[in-house]
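Protein chains in written order, with the numbering used here: chain A, 1 to 233; chain B, 1001 to 1233.
Ideal Cβ placement from N, Cα and C applies to all residues, glycine included.
Nothing here was measured: the structure is a model prediction, and the numbers come from that model.
Beneath this line is the structure, given in structure tokens, with notes to follow.
Number of protein chains: 2
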Amino acid sequence: MSTITSIHDASSEGDDSMEDGGASIYERLRDDIIHGRVKANERLKVADLANRMGTSTNPVREALQQLRGEGFVIMTPNRGARVRPIDEDFVRDICEIEVLIEPALTRWFVGIVTNEEIEELEQIQAEIEGLNFADEMTHSNLDLRFHKLMYDRHYNRHAVDLWMRHRHILWAISRRFPTSLSRQSNVLDEHRELLDCIKAQDADGAARVIGRHVEGSGRHIIERMRLARHTAP
Amino acid sequence: MSTITSIHDASSEGDDSMEDGGASIYERLRDDIIHGRVKANERLKVADLANRMGTSTNPVREALQQLRGEGFVIMTPNRGARVRPIDEDFVRDICEIEVLIEPALTRWFVGIVTNEEIEELEQIQAEIEGLNFADEMTHSNLDLRFHKLMYDRHYNRHAVDLWMRHRHILWAISRRFPTSLSRQSNVLDEHRELLDCIKAQDADGAARVIGRHVEGSGRHIIERMRLARHTAP
DNA sequence: AGTTTTCAGATCGTACATTATTTGTCAATG
DNA sequence: CATTGACAAATAATGTACGATCTGAAAACT
């Protein structure tokens, strides 16, 4: 019946109900879309999803509406919901926005940074270098902590929220692929360079570095996506 | 019962049901929030809203979820929805984002603009000058057409969508207040300056002008909001 | 072959049940 | 006598079930 290859199948559990895994319906749906487990433009039928999630239709409908508000699904009246394609263009688009926003956030951070924060940043950076990409998962967490520390105290909550949303999406996508060695060394270099600029109170320099950082990260993800698409269409 | 002063009251109509006015529940709610007809942080009870809208609770719930996705309401589990305050800070936040995004969009537009488009822009500008702020409504529409023409062909749909959303919010807010004379002349000047830069193929200049344009617009709205807040708290 | 009809499938709206939170009362205690 | 704590009732959010309405496409008909 369903065109979706059974993901989150309720039948995977021991007996019947229980164990929603703690993840909300919204999150499961969102992850399926971001991770590309549902095909682009695929139709999302509430009854189907309700079965798969082990609930009734109402929670699914509300989750879909929320996802529509965030732009992950496209809904047309009386015609249901379709998943917005998360393709290279999409990544390029949000990266381009980040290239504009993150330098601004960084610039402000340089102006208000304290010694304690610099120390903490250096400590995180040391952990990252010590780990040396041995575990993608913990590396991502450390990287997130690094940037989050810089942006968290910013007054523009709207911009920071936007950054967080974009960041989550990009992170989810990049989880599909391994990070190339050259990109790894670039990341380390850029972080070090950024720290130097912050310590030297060079706001423009820090903004430039972050700009390059984001652009490089985006370019890397897009290349990997293109590669994956051409090897396994 | 409700703390919301009856807006969209169903009893305002001739007899009983009919006439939802064409506006969806989502739009009505969204407008009430943006226009400040519901107080900041006000609690939104689904049963209340359902009564007011003349429908049952389910459509209201879905509208709220969509609004949450867009960031207009804040929902906490088992505790319902509250309206996000649309205050001066909020306006400042989205304006700051626009100050970053719009110059980038404009810069690209200068690179691909055709003679026909320049002509159309000049025609719109002529209409704007001819109208000279006699009617706020049609002025807003013309201004929207002016900027929309510049951004509509841009490849980064995500950025343009973001701009449109922000633009609608700002437009709805500024509708509450009259435009000051000094701001009016600034708007005309900036548009003229922008056209000159575009015709001269001066991308950097155009970006600078748009930056000033957005910043000035934001500053104007914020000042008006502050004023209104202090005169009628 | 092209148009109309019919019908299954899916969305949308309403009503109801369940569960969690808030509120209000009253007794026990310092 | 005031304050606090526990318990009960009300209030509101969350979830389930079902009927109404719309869409899309196959089947019947001219």
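Between which residues of its own chain and residue i is the CB-CB distance below 7 Å, once the five residues before and five after are set aside?
| i | result |
| --- | --- |
| Q1201(B) | V1110 |
| A1207(B) | P1103, T1106, R1107 |
| R981(B) | No information on residue 981(B) is available, as it lies outside the stretch 1001 to 1233 that chain B covers here. |
| E1193(B) | V1209 |
| W171(A) | S140 |
| Q65(A) | none |
| V60(A) | I25, V46, L49, A50, M53 |
| I1222(B) | E1088, V1091, R1092 |
| S56(A) | A50 |
| T138(A) | L131 |
| N58(A) | none |
Measure from the alpha carbon of residue i to the alpha carbon of each residue in the options, then state which is nearest.
| i | options | result |
| --- | --- | --- |
| H1220(B) | S1174(B), A1081(B), R1043(B) | S1174(B) |
| F177(A) | R229(A), H213(A), M53(A), L149(A) | R229(A) |
| G1130(B) | V1038(B), L1188(B), V1214(B) | L1188(B) |
| M75(A) | N51(A), A50(A), T55(A), V46(A) | V46(A) |
| L1029(B) | L1067(B), C1197(B), E1223(B) | L1067(B) |
| S1140(B) | I1169(B), L1162(B), G1054(B), L1194(B) | I1169(B) |
| G1080(B) | L1227(B), C1197(B), L1049(B), H1213(B) | L1049(B) |
| G54(A) | D135(A), G205(A), I25(A) | I25(A) |
| R226(A) | G205(A), E88(A), E70(A) | E88(A) |
| F133(A) | L195(A), N186(A), G36(A) | N186(A) |
| V1160(B) | E1136(B), I1101(B), D1143(B) | I1101(B) |
| V1073(B) | E1136(B), V1214(B), D1031(B) | D1031(B) |
| N1078(B) | V1214(B), L1044(B), H1147(B) | L1044(B) |
| E116(A) | T138(A), D135(A), D143(A), M150(A) | M150(A) |
| I195(A) | H147(A), T57(A), G71(A) | Just to set this straight, residue 195(A) is Leu in the shown sequence, not Ile. Minimum Cα distance to L195(A) is reached at H147(A). |
| V214(A) | E27(A), D143(A), I34(A) | D143(A) |
| I1033(B) | M1137(B), S1056(B), A1063(B), D1135(B) | A1063(B) |
| M164(A) | E70(A), N58(A), T57(A) | E70(A) |
Can you list, in chain order, the residues of its chain whose CB lies under 6 Å from that of residue i, leaving out five sequence neighbours each side?
| i | result |
| --- | --- |
| A203(A) | R107, V110 |
| S217(A) | none |
| T1231(B) | none |
Here's a check: name, in chain order, each residue in its chain whose Cβ is nearer than 8 Å to the Cβ of residue i, leaving out the five neighbours to either side.
| i | result |
| --- | --- |
| I97(A) | L162, H166 |
| R212(A) | E190 |
| I1198(B) | F1109, V1110, V1113, I1118, L1121, A1206 |
| R145(A) | I124 |
| H1035(B) | A1172, I1173, R1175, R1176 |
| D152(A) | V160 |
| E1136(B) | R1175, P1178, T1179 |
| V99(A) | G211, V214, E215, G218 |
| A1023(B) | D1031 |
| I7(A) | Because I7(A) carries a pLDDT of 43, less than 50, the predicted location of this residue cannot be relied on, and the following value inherits that uncertainty. For I7(A), where only same-chain residues beyond five positions count, the Cβ hits under 8 Å are D32, R37, V38, R52. |
| E1027(B) | none |
Going by the DSSP bridge assignment, what does residue i pair with across the sheet?
| i | result |
| --- | --- |
| L1044(B) | A1081(B) |
| T76(A) | G80(A) |
(request) Examine the Cβ distances between the stretch 1177-1186 of chain B and the stretch 1111-1126 of chain B and report whether three or more of them are shorter than 8 Å. (result) no
(request) Determine which residues of the stretch 196-221 of chain A have a Cβ less than 7 Å from any Cβ of chain B, and write them out in chain order. (result) none
(request) Would you list, in chain order, the members of the stretch 79-100 of chain A that have their beta-carbon closer than 9 Å to a beta-carbon of chain B? (result) D89, F90, R92, D93, I94, E96, I97, V99, L100
(message) With three or more beta-carbon pairs closer than 8 Å as the criterion, would you say the stretch 1151-1160 of chain B touches the stretch 87-95 of chain A?
(response) yes
(request) Below 8 Å between beta carbons is the criterion; list the residues of the stretch 38-62 of chain A that meet it against any residue of chain B, in chain order. (result) N58, R61, E62
(request) Determine contact between the stretch 1117-1131 of chain B and the stretch 117-132 of chain A, defined as no fewer than three beta-carbon pairs at a distance below 8 Å. (result) no
(request) Count the CB pairs spanning the stretch 32-40 of chain A and the stretch 64-84 of chain A that are closer than 8 Å, and state whether there are at least three. (result) yes
(request) Below 8 Å between beta carbons is the criterion; list the residues of the stretch 1106-1129 of chain B that meet it against any residue of chain A, in chain order. (result) none
(message) Beta carbons nearer than 9 Å to chain A: which residues of the stretch 1140-1158 of chain B have them?
(response) Y1155, N1156, R1157, H1158
(request) Give, in chain order, every residue of the stretch 1179-1197 of chain B whose Cβ lies closer than 9 Å to some Cβ of chain A. (result) none
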